[in-house]
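Working notes for the structure below.
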Amino acid sequence: MSPSPAAQPVLPDEVLEDIFLLLEDAADLARASAACTCFRRVVSGCRFLRRYRSLHPPPILGILDFSSRYRGFHPAQSPRRSAPAAGAFAEAADFNLSFLPKDPSRCWHVRDLRDGRFLLSQHTRITMFLSKDLIVCDPLHRRYVQIPPVPGGLGLCGKEVIIEPFLAPVISQEKDEPPSIQVICNVISEYELTITTFVFSSVTGKWRYAASFSIANHEWMKCPLMATRRYVHNCFYWVENRFSVEPMLVLDICAMKFSAVELPQVGRWRDKTIVEAGGGRLGLFVLEFHDASNNFALCSWTWRDNAVGAKHWQLDNTIPLPDYKWTWFFSKAEAEGHVLLRGCPRDEYIDRWRFPEEKVDAHYFTVDIKTLSVERLCRLKYESSPDYLYAGLPPPLSPPSI
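If you're matching positions, the sequence shown starts at 28 in this note's numbering and goes up one per residue.
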């Protein structure tokens, strides 16, 4: 005779954690957590979630567009494996940011997204790049924290400076509470041709001076807001634009030191993006014409030693992209070891004079930086303009980030 349910042996939490860590798909983990309160308690623990994320990167759930008339969150679509979790996330989160303080004369503008947190500035149409009013929020849990204004005395007036705030990556910690918040702010002086960097920490509640850099010999750096910013191995990189061959601006956030790094000479009109390669290396993806039919290929370059003492870039691999007779571009969005590719039918790209309603949709794919595998993500309107790629665990497994 089998024992009654009450007499069934109870596994220790440590054993349950080791079992649940074997589930590679976050959707399977979410279903397991819903089986009983004991499983839910173990799976929702901050300690377990840290272990799980270290072994299984969170899936790509969708893209966020704040630049076109198709604003909002666009979830991953079938047959993407994460499509069900993406749909649940879209229903649970408030991407209209209706929980933030309101001012009829001002609006919130998304400046950065990292680790489930949004950094926003509040401004009028005229003061978008001058605003010192910042807020960090979690749209899934509808929480926010107001950041003190960037310190005064910086010449924050008129058109003399541009403010570029962005989020520092989350530092892992053992405590079962949301990690601290760090905001980095570059103050670019057009008059003095310098970048001055300040860092805010929620631990101290204060801003501090961190670094400065002369941009007198780098004209394009006078407006890095138009550049593409990437985070790779403790450094932020700014590239003038995807087709430029100008040196990159680099900020090492450990040493809080600026430098300029040369790009490989791959041709001015070659779309490219900075990526995080393995082994602590800096990587670069470049789109090239692959054959006589002008089909595209993805070229992978690395610069060893994270750009410290490196002498040259090295071409590691070239893979052809799907032959759809399309023109391919990198989107500025990236997350959790993936970059975003936009594919457009070639005749649509060449024919710039069509009305928007006559254009076919754009197709978005993700590229896994480690494996170089290309996977379809979603299909959107031609005029869509994704700003961010969002990765995360399904809502039941996503603890508050604030």
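No residue lacks a Cβ here, since even glycine has one placed at the ideal position from N, Cα and C.
N- and C-terminal bounds of the beta strand (DSSP E) containing residue i
| i | result |
| --- | --- |
| Ile46 | Careful: Ile46 lies outside any beta strand (DSSP E), inside the alpha helix (DSSP H) at Asp40 to Phe47. |
| Thr345 | Gln341 to Pro347 |
| Leu368 | His365 to Pro372 |
| Leu276 | Met275 to Asp279 |
| Thr398 | Looking at the DSSP string, Thr398 is not in any beta strand (DSSP E), and its letter there is neither H nor E. |
| Pro303 | Per the sequence shown, residue 303 should be read as Glu rather than Pro. Residues Lys299 to Glu303. |
| Ala362 | Trp353 to Ala362 |
| Ser257 | A quick correction: the sequence has Arg, not Ser, at residue 257. That run of the beta strand (DSSP E) goes Thr255 to Val259. |
| Tyr433 | The structure shown does not extend to residue 433, since the chain is modelled only from 28 to 429, so the question has no answer here. |
| Ala324 | Phe323 to Trp330 |
| Ala282 | That residue, Ala282, is in no beta strand (DSSP E); it is neither H nor E in DSSP. |
| Tyr409 | Here Tyr409 belongs to no beta strand (DSSP E), and DSSP marks it neither H nor E. |
| Leu309 | Leu309 to Phe316 |
Straight-line Cα distance separating residue j from residue i
| i | j | result |
| --- | --- | --- |
| Arg256 | Pro206 | 23 Å |
| Ala54 | Ser425 | 12 Å |
| Val197 | Tyr258 | 12 Å |
| Phe285 | Phe47 | 43 Å |
| Leu38 | Arg68 | 13 Å |
| Ser228 | Phe240 | 22 Å |
| His339 | Phe312 | 15 Å |
| Trp355 | Gly310 | 19 Å |
| Arg77 | Val70 | 10 Å |
| Arg74 | Pro84 | 16 Å |
| Ala238 | Met283 | 6 Å |
| Leu399 | His101 | 23 Å |
| Asp45 | Arg80 | 13 Å |
| Arg406 | Glu363 | 21 Å |
| Lys249 | Phe193 | 17 Å |
| Gly114 | Gly99 | 13 Å |
| Arg170 | His150 | 20 Å |
| Pro430 | Arg373 | The displayed coordinates of the chain run from 28 to 429. Any statement about residue 430 would go beyond what the structure contains. |
| Ser327 | Arg297 | 13 Å |
| Ser105 | Val401 | 15 Å |
Whole-Å CB distance - residue i paired with residue j, under 8 Å assumed
| i | j | result |
| --- | --- | --- |
| Ile215 | Ile189 | 4 Å |
| Thr224 | Ile242 | In fact, because the Cβ distance is near 12 Å, the residues do not count as touching under 8 Å. |
| Phe66 | Ala59 | 6 Å |
| Val163 | Phe93 | Contact flag wrong, Cβ pair sits at about 16 Å. |
| Ala324 | Pro291 | Ala324 to Pro291, Cβ: 16 Å. No contact. |
| Asn430 | Ile280 | There is no way to answer for residue 430, as the model of the chain reaches only from 28 to 429. |
| Arg107 | Asp52 | Between Asp52 and Arg107 the Cβ distance is about 12 Å, and since that is not below 8 Å, they are no contact. |
| Trp234 | Val177 | 6 Å |
Endpoints, the alpha helix (DSSP H) within which residue i is located
| i | result |
| --- | --- |
| Cys63 | Careful: Cys63 lies outside any alpha helix (DSSP H) and carries neither H nor E. |
C-beta neighbour in chain D for residue i, strict 8 Å
| i | result |
| --- | --- |
| Arg138 | The structure shown contains no chain D; it is built from a single protein chain. |
Inset, instruction - Inspect the CB distances between the region 413-424 and the region 82-101 and report whether three or more fall short of 8 Å. - result: yes
Inset, instruction - Answer yes if the region 127-146 comes into contact with the region 403-419, meaning at least three C-beta pairs across the two stretches below 8 Å, and no otherwise. - result: yes
Inset, instruction - Please list the segments of the beta strand (DSSP E) lying wholly inside the region 190-244, counting only runs of 3 or more residues, in order along the chain. - result: 209-216, 221-228 and 233-241
Legend entry - alpha helix (DSSP H) runs wholly inside the region 82-165, at least 4 long, in chain order: 110-119
Legend entry - At least three beta-carbon pairs within less than 8 Å, the region 117-135 to the region 391-402: no
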